[in-house]
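Encoded as structure tokens, the structure appears first; notes follow it.
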């Protein structure tokens, strides 16, 4: 998700995206702990997306 897409969302939509991405992150981490996932960089990308969403939410 690009920053321009994030900035076009409303505050409530950003909050919903944060909660959805947090659940996605926990699922990825759980799957990776059981057996290594195909692309472990997805964990890092998800963390960074959550951080961008939180920053955009704080700016609004």
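In our numbering, the protein residues as written are 228 to 287. Ideal placement from N, C-alpha and C gives every residue a C-beta, glycine not left out.
Roughly how many angstroms lie between the CA atoms of residue 271 and residue 239, to the nearest whole one? 24 Å
Please report the distance separating the alpha-carbon of residue 230 from that of residue 264. 27 Å
Grab the span of the alpha helix (DSSP H) containing residue 251 for me, first residue to last. 238-261
In three-state terms, what does DSSP make of residue 229? coil
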